[in-house]
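K.L.:
I'd like to ask some things about the structure below.
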Amino acid sequence: MWYAPDLVRTIRLDEFDFPHQFKTNGELVDWSNSVFRPNPSLAVEVYMLFDVAQCIATFSFIAYVLFKKGRRVRLFMLRKSPYGTFIVPNAICVLLAGAAVYLLQWAAFCVYIVWVQKSNHPYFEWLWFIPFPWLPLALIAFYSAYGFVISCSPRSPISNLRGSSLETKKLSKVFLPLPHSATVMNTFIIGVGVVMVLFNVVVQSLAGAQRNATHRPGHNVYKDVLTKQHTQEWLSQPPTQELLDLIRRGSVDGLNVYRYCCLALSSYAAIIVLTIAMLGLYSIPNQIFLIRHLCSIFPDPIPQDCQGDGLMADLRLLRRIGLPRNLKGDHYAAFKKTWMMTMVGHSQALLLLGGVFVFAVPPFFLLTQPWQTMFEGLSSDREIMFIVAYVITAALITATWVTSLSATLTFDEIFRAVSGLGNEQQEAAGSGQSASLPQHGRHIDRRFSGANIVPCSPTSPADLQSPNSVKSPGSLRPQLSFAPSSAESEKTDGSFDDLPHESRDNTVIVVTETVVRVEHEDTATMPEAADSIEMQTHRHTRSLSPSPVSAQYSFLSRNANCNS
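Sequential numbering from 34 applies to the sequence shown in our numbering.
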């Protein structure tokens, strides 16, 4: 028989029946122990303690990575575009921070479960809290998927590749559009998180209140029946109606606690479906587009057998190229960084999709399977052992994943540079990076790093007095030099990359004007050294008033800095 209770309606006493009639109090107590205190195997308990140790170790490692990055770790960034400012999650940082919180909560929850089991308390004491440790895991999966979608989609309002010639008619059919309204997108990403958190906080509060209701007089089976020392005479007597009603009320209270758990799990099922839909409909097609873009910027001629518009031709080209470390030369710098960026996106998107499918099993299993066991009055020890062992295994997989990612970001220079978490000076020091960055690269930073003033040529007093000297200011104009630096802030990138202009070259003209007053003195009565001192005095002070015969000339340079 299939049981699907209404999760928003309280389960009543008349909806629960005992599996059979009990002839003695001993049979009723034994049945109550199996239902209220299911006992997992010793192997599962040892597995839980082992998982606690690995969760703490993984959390410590991730916390070290985040602490080492310091202020350079940004969970969310603001990307500007002609359509407004969009909130974009940093997928890698969100994964690390959220996984660290999840592992710490799950370790504490496992310790609490073991304590409840060893103290012989009813499993309702930990059942009411079971969905809450998965909340950060569900949120980081959603935000990471959203970050991949809005950052990598060629039809995204913040994409630098939007409208690119690579988007052929054949490929454009698989690229679904995204709303270009910043208000709509920001409301969506904020609203999902806020609704998810508020809903689960409210439901968990109701579940906790229902758990406390099992401690009321007339409902506390653990205190009134299970912990008491019963005589053999009492155990051999037939159960009274009062005792049967007490056990029935305790069982119904436990069903209502589990009902609130399933109500919270329904929100997890909804966000899992939403995340899988985003990854399946947007992220995977976007990865195909990124591979096509990567192959299009390969500087060498493409072999004949790798030419074509299909995905297989692009994969054959990447297989022919091999690892970027085999490419020597500064003209491969843009291709190498784009290759690493694409591989990071591929690996994280596929791992995230696989992780979501793995963690989709517990919510859907708990929503359907245990109800039949509970309504039939059977023990839930098998379901508990399965779900705990499964979640621990999934936690181990998650820990391995995030540990590998953390180690890569910490110790691998290339991936640190690609992810935006590396040392800025080390990233900018690479040879040939400034000359070979692609024009439409996603992570090109055009942040103004300063202007180098070219020292002016020595000028004689006669040249200063000549009006023709102002007609050729080219040699005196400050010359600007821009060095593309490895930006670690997507906000800075977006303020330049996303502007709708045709040319990607930024021209900054700095014009400085200095007025020099030259007074005609009698050179016969003023020594040359004194004239030099006089000119230096005029450069640094304005207290001397010009003579009637003084002339003013305008120059496009600060001559005071010529000798500095």
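The C-beta atom is built at its ideal place from N, Cα and C for all residues, glycine as well.
All values derive from a computational prediction rather than experimental measurement.
(1) Please classify T118: does DSSP put it in a helix, a strand, or coil?
(2) Run through DSSP, which three-state label would L111 get?
(3) Y423 and P396: beta carbons closer than 8 Å?
(4) What is the C-beta distance between L350 and C339, in whole angstroms, given that I count them as a contact (C-beta under 8 Å)?
(5) First and last residue of the alpha helix (DSSP H) that includes S152?
(6) By DSSP, does I417 sit in helix, in strand, or in coil?
(7) Count the CB pairs spanning the stretch 55-64 and the stretch 298-318 that are closer than 8 Å, and state whether there are at least three.
(8) Less than 8 Å between the C-beta atoms of A132 and I173, yes or no?
(9) Using C-beta distances below 7 Å, list every residue in its chain close to H154, excluding the 5 sequence neighbours before and after it, in chain order.
(10) Using only the alpha-carbon positions, how far apart do G387 and Q262 sit?
(11) Three or more C-beta pairs closer than 8 Å, one from the stretch 323-343 and one from the stretch 401-412: is that the case here?
(12) Skipping 5 residues on each side, what residues in its chain have a beta carbon closer than 7 Å to that of L108?
(13) Helix, strand or coil for G343, going by three-state DSSP, please let me know.
(14) Give a yes or no on whether the C-beta atoms belonging to L314 and G378 are separated by under 8 Å.
(15) With three or more C-beta pairs closer than 8 Å as the rule, is the stretch 132-144 touching the stretch 212-224?
(16) Using a Cβ-Cβ cutoff of less than 7 Å, which residues in the same chain neighbour I420 once the five nearest sequence positions on both sides are dropped?
(17) Using alpha carbons as the reference points, say which of Y179, Q150, M345, W148 lies closest to I120.
(18) Given that a residue counts as buried once 16 or more other Cβ atoms are within 10 Å of its Cβ, and exposed if not, what is K113?
(19) Since T371 is in the alpha helix (DSSP H), which residue starts that stretch and which ends it?
(20) Might you give, ordered along the chain, the residues of its own chain that have their beta carbon closer than 8 Å to the beta carbon of D531, omitting 5 neighbours on each side?
(21) With P23 as the anchor, note down where its alpha helix (DSSP H) starts and where it stops.
(22) Once the 5 residues before and after G226 are set aside, which same chain residues still bring their CB inside 8 Å of it?
(23) Which one of W267, H364, A393, M374 has the shortest CA to CA distance from A428?
(24) Looking only at its own chain, which residues have a Cβ that is under 7 Å from the Cβ of G251, when we skip the five neighbours before and after it?
(25) Pull up the distance between the alpha-carbon of S152 and that of L288, whole angstroms please.
(26) Grab the span of the alpha helix (DSSP H) containing S316 for me, first residue to last.
(27) Is the beta carbon of Q150 closer than 8 Å to that of E78?
(28) So what's I447 in DSSP terms, helix, strand or just coil?
(29) For I417, I'd like the list of residues in its chain whose CB is within less than 8 Å of its CB, leaving aside the five on either flank, ordered along the chain.
P.N.:
To lay it out plainly:
(1) strand
(2) strand
(3) no
(4) 4 Å
(5) Premise fails: S152 is in no alpha helix (DSSP H) and is neither H nor E.
(6) helix
(7) no
(8) yes
(9) Y255
(10) 51 Å
(11) no
(12) P122, N123, C126, V127, A130
(13) coil
(14) no
(15) no
(16) P395, F398, L399
(17) Y179
(18) buried
(19) 366-392
(20) At D531, the pLDDT of 43 sits below 50, so the modelled position is not reliable and the matter cannot be decided from this model.
(21) Given that the chain is displayed from residue 34 to residue 597, the structure contains no residue 23 and the question cannot be resolved.
(22) L172, F175, Y176
(23) A393
(24) L279, R282
(25) 22 Å
(26) Looking at the DSSP string, S316 is not in any alpha helix (DSSP H), and its letter there is neither H nor E.
(27) yes
(28) The pLDDT assigned to I447 is 48, lower than 50, so where the model puts this residue is not dependable; a value taken from the coordinates is nonetheless given after this. Helix at I447.
(29) P71, P73, Y156
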